[in-house]
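First the structure, in the form of structure tokens, and then the observations on it.
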Amino acid sequence: MTVVRRPQIQPDRPVVSLKNVSRAYDKQREYNRSLQQRLLRIITRKQRTPTDLFYPLQDVSLSIHSGDFLGIIGPNGAGKSTLLKLVTGIIVPTSGDLTVCGRVCSLLELGAGFHPDLTGRENIYLNGSIYGLNRREIDERVERIIDFAELGNFIDTPVKHYSSGMYVRLGFSVAIHTDPDILLVDEVLAVGDVNFQQKCLRSIENFRQRGGTLILVSHDLTTLQSICTRAIWLEDGRIQADGDPLDVGMAYLESMANREQTETSLAKTEEDSRRWGTGRIRIIAVEMYRTNGEIGGYFYTGEPVRIRVKFESDEAVSSPVFGIAIHHQNGTHITGPNTAHAGIELGTIHGRGWIDYIVPQLPLLEGVYTISAAVVNHNDTETYDYRDRICKFRVLSSRTSERYGLVVFGGHWQLETSAESAAPNHDHRLSPDSPRSSTAIPNA
Amino acid sequence: MVYRGVHSTLISIVESLSQLHIITRARELWRYRELIRNLVISNLKSRYKNSALGFVWSLLNPLGMMLVFTIVFGFLMPDVRVEKYPLFVLTGLLPWNFFQASINAGMYSVVGGSNLVKKVSFPREVLPIAAVLGQLVNFLLAFAVLFMALVVFQASFSPWLWTLPIVILIQTVFSTGVVLVLSTLNVFYRDTAMIMEVIMLAWFFLTPVVYSVGMLPETLSTGSLTVPLQRMVYILNPLASLIAIYRDLLYWGYRTDVDFFVRTAITAVAVFAFGYWFFLRYSDRFGEEL
């Protein structure tokens, strides 16, 4: 095991390099903390067995070059934090070689070194020195730090009286002004209000222009993909994929959706969703099919989908109305089609059967969605059966579709410029009144 | 014989120190001098912020203790006669307090700084060093009191008084060495603090703070074994030597023996070197243990 840290970046060398790095933890670490336990272990001659160890990182090799904006994705417990801690220098590898060149600054714990009794200004000096700056260097930066943190008169108030937002703002401001070569970020872009968040993003953009290297751990794929130039997918302590953030993100989501599919089909047998109704017609299940007739747990944006509601009834029921509701995971109601609104009269139903709702092109964007299904009488005065959130599915977006929000509108763009715009200092105005020249931009 | 043993141990420690890239570590530590300074200041500030008398306490505390020992030894046990006893006690008590406070603050410095150690990377030795230096500042403030007492009791100043800063430096180096070991042990075994409570009590009574070595029997005979007790106290307890030097300079007005002085200095440097080696050896694991 060797660890090399250099304060300066070396040209033509990766800024962070891991060679076959593993990190082990003792599972029973907590128990042999005291001398008594250690003595007991010596007396009972209990040896540490390999099964007592677990490996958050196993044999990881990775080179991060100057200017890389690397995103790390993976489920909880994949080893992401362990990797960040290794790069920061809080822990050392159990085996393997680690080289880090340049000043590392982590935004993992903003304001970690703040002393509650000291004022904001005093804490800038304390925190700056924790990052290894000397007094002159902090003197040069202190005004910029205060400006950026937007603390105004509160800068000479002890930080124990600060709101949590002010605390984090000051922490971010100090960290970003230490001029790090490598910045480690763990889901922190949710700092303060929207204005401040945008400011943080801008300063990260400035950091990119200065040639800085960023390592970002995030569960928010969209943010990660819009910031990073490279991504790795970490799982079970190993790198599963490394490359373009869109490709890696896709591979990760597909594997996650495949796993969910097997898990939910097991979970479906349990009666965990809410249900009510008189039971004259009962909804047995809701299933989703691909065009090839295969049951799916995940679908791509734009893919044809068939939503099947299976039912049974012990008696003949005339003119029932079937409906479904699709919700986003966060509760937003997206659509609620039913047979009555579609103008369909179903006649009399008896026994088992199913009814399909066919979507020619799934307009939903990336996310997890749920389907609720209901069957009621013709004038909605009696609910036969209502199954709340009976089915869950995931949507993956391919890279060519629209990317933000919940649905694809499928619209297209059209640019118009007036003749005056040929003059310098022109503005691009999209006005339907002056169609001098027009270019239709084909829908991607 | 003893010195040759000490000598070879020193060489082996120096060798392993060089393997730990001692120059790089020292340069790194120097880069973080601002952090040490800030930790000392913030520590002192928060200690005195919420007390009405502020730093006056670091003066009143030794004066109060001096009073207690003067009453105990001056009136309750009048057999023990030492001239200008309050001054005698004070010259021993202040360095002892400095040592004890350094141990107590330093032992918890890494554990107490766990929120930093777990989150930010910096030379970990900054924490114990800042803890000892914080106590040094306190000690120097308390020295103001001692000098007042010296004037009041018309003490005989030693012509060697100018060596006092060196003595203080030696004690600081020695305390830092001990603290480097204890703060490391305390990370892995919290029992360290419990054990040290008893050890510090024993150490206090085995150090001539409230009595003088001259009051001890010269030799101690148990069966066939005869132990030169007075010499043993000095040899085994570096703090006894240190306090003897403080007393020579401030109370007796003597000239301290040079070889005595040098021996104490070498002991302090050796303890420091061992402590630093021990600390660096285990400090990589602090982040995961805390």
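Heads up: the sequence lines are chains A and B, in that order.
First residue of the first sequence? That's 103 in this note's numbering, and the numbers climb one at a time after it.
First residue of the second sequence? That's -9 in this note's numbering, and the numbers climb one at a time after it.
Heads up, the beta-carbon is just placed ideally off N, CA and C, and yes, glycines get one too.
None of the values given here were measured: they were computed from a predicted structure.
Per DSSP, cross-strand counterpart(s) of residue i
i, result
"A:C207", "A:L285"
"B:T162", "Paired residue(s): none; B:T162 is not in a bridge."
"A:C493", "A:I473"
"A:P260", "A:T221"
"A:A343", "A:W335"
"A:I460", "A:R408"
"B:G243", "Beta-bridge pairing links B:G243 to no other residue."
"B:S211", "B:T216"
"B:M184", "The partner list for B:M184 (beta bridge, DSSP) is empty, contrary to what the question assumes."
"A:N440", "A:G425"
"A:T201", "A:V106, A:S119"
"A:W378", "A:Y488"
For residue j and residue i, believed in contact at Cβ under 8 Å, the rounded distance
i, j, result
"A:V472", "A:Q431", "A quick correction: the sequence has Thr, not Val, at residue 472 of chain A. Going by Cβ atoms, the distance from A:T472 to A:Q431 rounds to 7 Å, so yes, they are a contact pair."
"B:P118", "B:V100", "7 Å"
"A:I247", "A:V276", "6 Å"
"B:V217", "B:T209", "6 Å"
"B:Y75", "B:F63", "6 Å"
"A:R205", "A:D283", "5 Å"
"A:G339", "A:G181", "5 Å"
"A:L285", "A:C207", "6 Å"
"A:I166", "A:T315", "6 Å"
"B:G82", "B:V200", "7 Å"
"B:A139", "B:L77", "6 Å"
"A:P195", "A:V105", "7 Å"
Chain-ordered chain B contacts of residue i [CB-CB under 9 Å]
i, result
"A:E211", "N105, K108, K109, V110"
"A:A214", "N105, L106, K108, K109, V110"
"A:I192", "V107, K108, K109, V110, S111, F276, G277, E278"
"A:T285", "For the sequence presented, residue 285 of chain A should be read as Leu rather than Thr. What A:L285 touches in chain B: nothing, since even the nearest Cβ is about 14 Å away."
Reference residue i; option with closest CA among the options
i, options, result
"B:L130", "B:P113, B:V101, B:P85", "B:P85"
"A:D288", "A:A353, A:N178, A:H514, A:D295", "A:N178"
"A:Y506", "A:G469, A:Q516, A:L517", "A:G469"
"A:I460", "A:S328, A:Y486, A:E405", "A:E405"
"A:A418", "A:N479, A:I226, A:T201", "A:N479"
"A:A427", "A:C493, A:T104, A:F250, A:M268", "A:C493"
"B:W20", "A:H321, A:R376, A:R237", "A:R237"
"A:G381", "A:S415, A:S265, A:V509", "A:S415"
"B:G96", "B:F137, B:F164, B:P218", "B:F164"
"A:L467", "A:L448, A:T315, A:I111, A:L498", "A:L498"
"A:Y354", "A:R376, A:R310, A:Q327, A:G379", "A:Q327"
"A:S163", "A:F309, A:S197, A:P439", "A:S197"
"A:I317", "A:P347, A:T221, A:Y264, A:T259", "A:P347"
"A:D170", "A:I306, A:G455, A:G313, A:D349", "A:G313"
"B:I93", "B:G82, B:W267, B:I185", "B:I185"
"B:Y241", "B:L226, B:S148, B:Y201, B:V203", "B:S148"
"A:E239", "A:A251, A:W335, A:H279, A:D219", "A:H279"
"A:M103", "A:L200, A:I457, A:I193, A:K187", "A:L200"
"A:F495", "A:R408, A:E224, A:V261", "A:R408"
"A:D322", "A:T485, A:P109, A:I175", "A:I175"
"B:S231", "B:G243, B:P52, B:D249", "B:D249"
"A:R129", "A:V105, A:I111, A:F156", "According to the sequence as given, residue 129 of chain A is Lys; it is not Arg. Measuring from the Cα of A:K129, the nearest candidate turns out to be A:F156."
"A:G512", "A:E504, A:E518, A:T519", "A:E504"
"B:F143", "B:N176, B:A16, B:Y179, B:L80", "B:L80"
"A:F250", "A:G222, A:L235, A:P116", "A:G222"
"A:G398", "A:P218, A:N360, A:D458, A:A442", "A:N360"
Chain A residues whose Cβ lies nearer than 7 Å to that of residue i
i, result
"B:L25", "S231, I232"
"B:N28", "Y227, L228, S231"
"B:R21", "G234"
"B:K74", "Neighbours of B:K74 on chain A: none; closest Cβ ~41 Å, over 7 Å."
Contacts of residue i in chain B (Cβ-Cβ under 7 Å)
i, result
"A:Y217", "Residue identity differs from the one stated: residue 217 of chain A is His in this sequence, not Tyr. The contacting residues are S32, S36."
"A:R237", "E24"
Neighbour list for residue i in chain B, Cβ cutoff strictly below 8 Å
i, result
"A:K187", "G277"
"A:L220", "S32, K35, S36"
### Task
Could you tell me whether the stretch 27 to 34 of chain B touches the stretch 214 to 233 of chain A, using the rule of 3 or more Cβ pairs below 8 Å?
yes
### Task
Tell me, please, whether the stretch 212 to 229 of chain A touches the stretch 116 to 131 of chain A by the rule of three or more beta-carbon pairs shorter than 8 Å.
Contact between the stretch 212 to 229 of chain A and the stretch 116 to 131 of chain A is absent, because fewer than three Cβ pairs lie under 8 Å.
### Query
Any chance the stretch 334 to 343 of chain A sits against the stretch 480 to 498 of chain A, with 3 or more Cβ pairs inside 8 Å?
no
### Query
Taking contact to mean at least 3 C-beta pairs separated by less than 8 Å, is the stretch 180 to 200 of chain B in contact with the stretch 269 to 278 of chain B?
Counting C-beta pairs with one atom in each stretch, the stretch 180 to 200 of chain B and the stretch 269 to 278 of chain B have fewer than three that are closer than 8 Å, which means they do not touch.
### Message
Three Cβ pairs or more, each shorter than 8 Å: is that satisfied between the stretch 447 to 455 of chain A and the stretch 389 to 399 of chain A?
### Response
no
### Message
Quick check: the stretch 104 to 111 of chain B against the stretch 262 to 270 of chain B, are at least 3 beta-carbon pairs closer than 8 Å?
### Response
Touching, no.
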